[in-house]
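Encoded as structure tokens, the structure appears first; notes follow it.
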Amino acid sequence: MREAASRREPDAIAWPPTWPRVLDAEFGSPSAGEYRATPEDFQVAEVLDFVPEGEGEHLWLHIEKRDLTTAMAVRDLARLCEVSPRDVGYSGMKDRVAVTRQWLSVQLPGREAPTGLHDALAERGIRVLAEARHPRKLKRGVHRANRFRLRLTGAALEDPELEARWARLGEEGVANYFGPQRFGPDGRNLLRARSLLARGWRKRDDRDGMLLSAARSFLFNELLAERVHEGSWNRLLAGEVAILDGTASQFSVEAPDAELDGRAARLDLHPSGILWGVGESVAKEAALDLEHRLPDRYPALCAGLEHAEVRLARRSLRLRLGEPSLTRDENALWLAFSLPRGAFATAVLRELIAHPTL
Numbered sequence: 001m002r003e004a005a006s007r008r009e010p011d012a013i014a015w016p017p018t019w020p021r022v023l024d025a026e027f028g029s030p031s032a033g034e035y036r037a038t039p040e041d042f043q044v045a046e047v048l049d050f051v052p053e054g055e056g057e058h059l060w061l062h063i064e065k066r067d068l069t070t071a072m073a074v075r076d077l078a079r080l081c082e083v084s085p086r087d088v089g090y091s092g093m094k095d096r097v098a099v100t101r102q103w104l105s106v107q108l109p110g111r112e113a114p115t116g117l118h119d120a121l122a123e124r125g126i127r128v129l130a131e132a133r134h135p136r137k138l139k140r141g142v143h144r145a146n147r148f149r150l151r152l153t154g155a156a157l158e159d160p161e162l163e164a165r166w167a168r169l170g171e172e173g174v175a176n177y178f179g180p181q182r183f184g185p186d187g188r189n190l191l192r193a194r195s196l197l198a199r200g201w202r203k204r205d206d207r208d209g210m211l212l213s214a215a216r217s218f219l220f221n222e223l224l225a226e227r228v229h230e231g232s233w234n235r236l237l238a239g240e241v242a243i244l245d246g247t248a249s250q251f252s253v254e255a256p257d258a259e260l261d262g263r264a265a266r267l268d269l270h271p272s273g274i275l276w277g278v279g280e281s282v283a284k285e286a287a288l289d290l291e292h293r294l295p296d297r298y299p300a301l302c303a304g305l306e307h308a309e310v311r312l313a314r315r316s317l318r319l320r321l322g323e324p325s326l327t328r329d330e331n332a333l334w335l336a337f338s339l340p341r342g343a344f345a346t347a348v349l350r351e352l353i354a355h356p357t358l
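Note that the UniProt record's numbering gives residue 45 to position 45 of the sequence shown, counting from 1, and the numbers run on in steps of one.
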């Protein structure tokens, strides 16, 4: 185990990062564009693989919210139902500057929802689309995917190769970077995480784990950037841990062969990268050598995460776009696609447009 983060100098982190785009090598840097001038320009719908059973002590609400974070909606629902926010469940966190659809649950054993709940939520910008009872609370991370519909404007729309870029992403996938929102404005969440891990993480300083997540996400993006630089982000290396597309299933690859390379080319499976934490990586050989560069470059972050007893995990280095489409109107371009939970639409957009937040 590496020496404790408190005995190390905090790692130097340059912000903003210069994580490489995949398509720049072929098409050059993208032109400037805008993607979120209004909430209506960024539409997200959460996709569940199941529906509420129709009875139980939890009331599930399918909502559409505008210009509100999920945390804001949770607090509003808890206040109106006179319960603790802990009694409100949700699967995924959604952006604020957007129009988003998702399910929330609220525990109301033996009682009905307050009279006028729908109208009161509507006054806060939350529209109830459907409701049903269910025996259990909605848990984090149970949705299968998110469906996006995004409006782009700006000089990038005049780029004659924009549609070729989009087609290439549909054919070859997208580098699965964590989006800038994970790190906070100007990377402040990451800088706070670096300071906290250097002196020793305590839950009371990071109750929801946001700072731990920022640190792990940064290290993953650094590893992915290295794989993009060397051209291996979308192919299997010796000792790779492959992840089956659309699932959490993983298996080790001692040496890629023609069959596995073909499945990777068809986006049936993807190489993976480490989410740093306690435990031994099952990667070997070339894939493990790349992972071992992280504690050499960021010893305080890696040791701090281990000291916080975060469990090692893995994440796909590549995303498949689900049902991608592109349409144009007079002044804008609309993209539609789905991504698995935990993936960021901004990872897609940064391959198509140049924007200060991407």
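Glycine included, each C-beta is placed from N, C-alpha and C at the ideal position.
Integer-rounded CB distance, given that residue j should sit under 8 Å from residue i
| i | j | result |
| --- | --- | --- |
| L219 | L294 | 5 Å |
| L59 | V106 | 5 Å |
| R235 | D261 | 7 Å |
| F178 | V44 | Contact doesn't hold; Cβ gap of about 17 Å is too wide. |
| R151 | D49 | Not a contact, Cβ separation roughly 28 Å. |
| V88 | V74 | 5 Å |
| L190 | L305 | Actually they do not touch by this definition, with Cβ atoms about 13 Å apart. |
| L121 | D76 | 7 Å |
| A308 | W201 | 4 Å |
| S316 | H270 | 4 Å |
Endpoints, beta strand (DSSP E) assigned at residue i
| i | result |
| --- | --- |
| H134 | I126 to H134 |
| H292 | H292 -> no beta strand (DSSP E), and no H or E assigned at all. |
| A242 | E240 to L244 |
| H229 | Not the beta strand (DSSP E): H229 falls in the alpha helix (DSSP H), residues M210 to E230. |
| F42 | F42 to V47 |
| V106 | V99 to Q107 |
| V88 | V88 to Y90 |
| L61 | H58 to R66 |
| A313 | A313 to S316 |
Counted within 10 angstroms of its Cβ, other Cβ atoms place residue i as buried (16 or more) or exposed
| i | result |
| --- | --- |
| K94 | buried |
| A5 | Below a pLDDT of 50, predicted positions are generally treated as unreliable, and A5, at 36, falls in that range; the measurement from the model is reported next regardless. Flag for A5 reads buried. |
| M1 | Confidence is the limiting factor: at M1 the pLDDT is only 37, short of 50, which leaves the residue's position unreliable, though a coordinate-based value still follows. The residue in question, M1, is exposed, as its Cβ has fewer than 16 Cβ neighbours within 10 Å. |
| H229 | exposed |
| A25 | exposed |
| A12 | exposed |
| E226 | buried |
| G141 | exposed |
| G28 | exposed |
| N176 | buried |
| S91 | buried |
| E330 | exposed |
| D186 | exposed |
| Q356 | The sequence as given places Pro at residue 356; Gln does not occur at that position. That one is exposed. |
| V253 | buried |
| K325 | Note that residue 325 corresponds to Ser in the displayed sequence, not to Lys. Exposed, by the Cβ-count rule. |
| A248 | exposed |
| F183 | buried |
| A347 | buried |
| R199 | exposed |
| residue 365 | It is not possible to answer for residue 365, since the shown part of the chain is limited to 1 through 358. |
| F344 | buried |
| T18 | exposed |
| G173 | buried |
Pick from the options that is closest to residue i, judged by C-alpha positions
| i | options | result |
| --- | --- | --- |
| G277 | G33, L333, A214 and D329 | A214 |
| R79 | L117, D268 and E158 | L117 |
| V22 | A45, L237, L349 and A113 | L349 |
| T100 | R111, I63, G304 and E330 | I63 |
| L244 | P340, D49 and W103 | P340 |
| V128 | S91, W166, A145 and K65 | K65 |
| V310 | C81, K203 and S249 | K203 |
| L108 | Q102, A130 and S84 | S84 |
| L237 | P299, L288 and E53 | L288 |
| L267 | P160, R318, E291 and E306 | R318 |
| S272 | G239, R297, A132 and A32 | G239 |
| L61 | A130, P20, R199 and E163 | A130 |
| R36 | R297, R328, G154 and G200 | G154 |
| G342 | A286, E112 and Q181 | Q181 |
| E82 | I274, P30, R263 and P114 | P114 |
| R133 | M72, V51 and S316 | V51 |
| E280 | L312, R165 and L104 | L312 |
| P39 | G125, E163 and V47 | G125 |
| R314 | L275, E285 and L162 | L275 |
Boundaries of the alpha helix (DSSP H) in which residue i is found, first to last residue
| i | result |
| --- | --- |
| L77 | T70 to C81 |
| W166 | L162 to E172 |
| N331 | Here N331 belongs to no alpha helix (DSSP H), and DSSP marks it neither H nor E. |
| H307 | P299 to H307 |
| H118 | L117 to E123 |
| L196 | R188 to R199 |
| F27 | D24 to F27 |
| L152 | Here L152 belongs to no alpha helix (DSSP H); instead the beta strand (DSSP E) covers A145 to L152. |
| T18 | Element bounds for T18: n/a, residue is neither H nor E. |
| A347 | A345 to L349 |
| request: Counting only runs of 3+ residues fully inside the stretch 235 to 286, write out the beta strand (DSSP E) ranges in chain order. | output: 240 to 244, 250 to 253 and 269 to 275
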